[in-house]
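Colleague: Chains as they are written, first to last, in the working numbering: chain A, 1 to 67; chain B, 68 to 309.
Structure, rendered in structure tokens:
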């Protein structure tokens, strides 16, 4: 209160955010490979979810490749 | 077609499900890659109050158009997509904030998601881009942090502290840094802090080891951050942000 704080919520995203992120990725300005811990197949995905649940800090981002 | 179905908390399996119904204005897509989000983990653990079961998971999507129908988007176009809906009638929609729609149904949460071979999605939800499926799959998760940066009205004159360097936090760090702001990344995990620097963070604080308040003052010439983005989601970190 004393520092006139603005407390703002943020929910999901809009088209301008999608455009900005696409621009960032197209310019190569994000460490994509380092951000993805593992890529699994659809058949492996249930097991990956279970592994993640047992040890959440083990993975940053799990992706499922369907084809 | 095959899909990953969460039958109930703790029970995920690959099932055969009907192919999607392609409605008017929809585009039929072959799903290429889907990312797991922290909210999917919560759904798996039975901790997501928004999800219902059984549920096909998946809202971080890259896909390729297989049938554009009447819509002008070419077969073979690679896309990211927005997984939300908006009703147009609630207070948020009427305030032109459809992203905060009271009746939003996110893919993989309130309605079946994209962890299936094919999905049908309205044309206006698609974002074609010249990116690999892996990069397209990262678009949606990064937009959440970008939106927070936009809500925080971050400029190049600001010092921004981002609490939490997971998926949402990384997007906020990248968004803040792309606006030229001093971007201070806070987490308890050194590996995440190293990645945060690669994503554009200018400073890092491991709050399990360092005195957070003192370090923030040091890094901001004694002023404290102009914007704090809380991307952890706990009462303690919220109080810390305030």
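All residues carry an ideal CB built from backbone N, CA and C; glycine is no exception.
#1: Let me know the beta strand (DSSP E) ranges lying completely inside the region 112-161 of chain B, each 3 residues or longer, listed in chain order.
#2: Quick one: give me the first and last residue of the alpha helix (DSSP H) that residue 237/B is part of.
#3: If the cut is a Cβ gap below 7 Å, which residues of chain B does residue 11/A touch?
#4: Below 7 Å on C-beta distance, what does residue 4/A contact in chain B?
#5: Should the region 215-228 of chain B be regarded as contacting the region 191-206 of chain B, the criterion being three or more beta carbon pairs within less than 8 Å?
#6: What is the rounded straight-line gap between the Cα of residue 119/B and the Cα of residue 75/B?
#7: Between the Cα of residue 24/A and those of 294/B, 188/B, 189/B, 207/B, spot the shortest distance and give me the residue it belongs to.
#8: Looking at residue 101/B and residue 95/B, is the spacing between their C-beta atoms short of 8 Å?
#9: Could you tell me which of 205/B, 109/B, 257/B sits nearest to residue 241/B, measuring between CA atoms?
#10: With respect to the beta strand (DSSP E) encompassing residue 82/B, which residues constitute its N-terminal and C-terminal limits?
#11: Quick check on residue 272/B: buried or exposed, where buried means 16 or more other Cβ atoms within 10 Å of its Cβ?
#12: Which whole-angstrom value is the C-beta distance of residue 252/B and residue 270/B, which I expect to be below 8 Å?
#13: Mapping the DSSP letters down to three states, classify residue 225/B as helix, strand or coil.
#14: For the putative contact between residue 72/B and residue 86/B, defined by C-beta atoms under 8 Å, what is the C-beta separation to the nearest angstrom?
#15: With 8 Å as the C-beta to C-beta threshold (strictly closer), list the residues of the region 96-110 of chain B near chain A in chain order.
#16: Could you name the residues of chain A that residue 112/B contacts, counting a contact when the two beta carbons are closer than 9 Å?
#17: Give a yes or no on whether 8 Å exceeds the smallest Cβ distance from residue 115/B to chain A.
#18: Kindly list, in the order they appear in chain A, the residues whose Cβ is closer than 8 Å to that of residue 179/B.
#19: Since residue 128/B contacts residue 142/B with CB under 8 Å, what's their CB separation in whole angstroms?
#20: Against chain A, with Cβ distances strictly below 8 Å, would residue 230/B count as a contact?
#21: So, does the CB of residue 57/A fall closer than 8 Å to a CB anywhere in chain B?
#22: Using the three-state DSSP reduction, which class does residue 59/A fall into: helix, strand or coil?
#23: Under 7 Å Cβ-Cβ, which residues of chain B neighbour residue 38/A?
#24: Name, in chain order, the residues that DSSP records as bridge partners for residue 271/B.
#25: Taking residue 209/B as part of the alpha helix (DSSP H), name the residues at either end of that continuous run.
Modeller: The short version:
#1: 127-134, 145-148
#2: The residue labelled residue 237/B in the question sits at position 170 within the second chain. It spans 234-245 - the alpha helix (DSSP H) in which residue 237/B sits, taken as one unbroken run.
#3: Residue numbering aside, residue 11/A sits at position 11 when the first chain is read from its first letter. Result: 166, 167.
#4: As a working mapping, residue 4/A is identified with position 4 in the first chain. Chain B residues near residue 4/A: none, gap ~12 Å exceeds 7 Å.
#5: no
#6: Taking the second chain and counting its residues from 1, one reaches residue 119/B at position 52. Taking the second chain and counting its residues from 1, one reaches residue 75/B at position 8. If you take the alpha carbons of residue 119/B and residue 75/B, they lie about 9 Å apart.
#7: Here residue 24/A refers to the residue found at position 24 when the first chain is read from its first residue. Cα-wise, what sits closest to residue 24/A is 207/B.
#8: Indexing the second chain from 1 puts residue 95/B at position 28. Indexing the second chain from 1 puts residue 101/B at position 34. Cβ atoms of residue 95/B and residue 101/B: not closer than 8 Å.
#9: Within the second chain, numbered from 1, the residue matching residue 241/B stands at position 174. Per the Cα distances, 205/B.
#10: Here residue 82/B corresponds to residue number 15 of the second chain, with the count starting at 1. Where residue 82/B is concerned, the enclosing beta strand (DSSP E) stretches over 78-83.
#11: As a working mapping, residue 272/B is identified with position 205 in the second chain. Flag for residue 272/B reads buried.
#12: By one-based count along the second chain, residue 252/B stands at place 185. By one-based count along the second chain, residue 270/B stands at place 203. Yes, residue 252/B and residue 270/B are in contact; Cβ-Cβ is about 7 Å, under 8 Å.
#13: Translated into the one-based positions of the second chain, residue 225/B becomes position 158. Of the three classes helix, strand and coil, the one that applies to residue 225/B here is coil, per DSSP.
#14: Here residue 72/B corresponds to residue number 5 of the second chain, with the count starting at 1. Here residue 86/B corresponds to residue number 19 of the second chain, with the count starting at 1. The pair is not a contact, with the Cβ atoms about 15 Å apart (cut-off 8 Å).
#15: 97, 98, 99, 100, 101, 102, 103, 107, 108
#16: Here residue 112/B is taken as the residue at index 45 of the second chain, counted from 1. In chain order: 53.
#17: Taking the first residue of the second chain as 1, we reach residue 115/B at position 48. Chain A, which has no Cβ nearer than 8 Å to the Cβ of residue 115/B, makes this no.
#18: As a first step, residue 179/B is located in the second chain; it is residue number 112 there, counting from the start. Within chain A, no residue comes near residue 179/B; the closest Cβ sits about 15 Å away, beyond 8 Å.
#19: Counting from 1 along the second chain, the entry for residue 128/B is found at position 61. Counting from 1 along the second chain, the entry for residue 142/B is found at position 75. At roughly 18 Å, the Cβ-Cβ gap does not stay under 8 Å, so residue 128/B and residue 142/B are not in contact.
#20: Locating residue 230/B in the second chain gives position 163, where the first residue counts as 1. No, because no Cβ of chain A sits closer than 8 Å to the Cβ of residue 230/B.
#21: The sequence position of residue 57/A within the first chain is 57, counting from 1. Yes - at least one Cβ of chain B is within 8 Å of the one on residue 57/A.
#22: Numbered from its first residue, the first chain carries residue 59/A at position 59. Coil at residue 59/A, not helix or strand.
#23: One-based indexing of the first chain puts residue 38/A at position 38. Here the premise fails: no neighbours, minimum Cβ distance about 10 Å.
#24: As a working note, residue 271/B is residue 204 in the second chain. 252/B.
#25: On the second chain, residue 209/B is found 142 positions in, with the first residue counted as 1. Element bounds for residue 209/B: 200-218.
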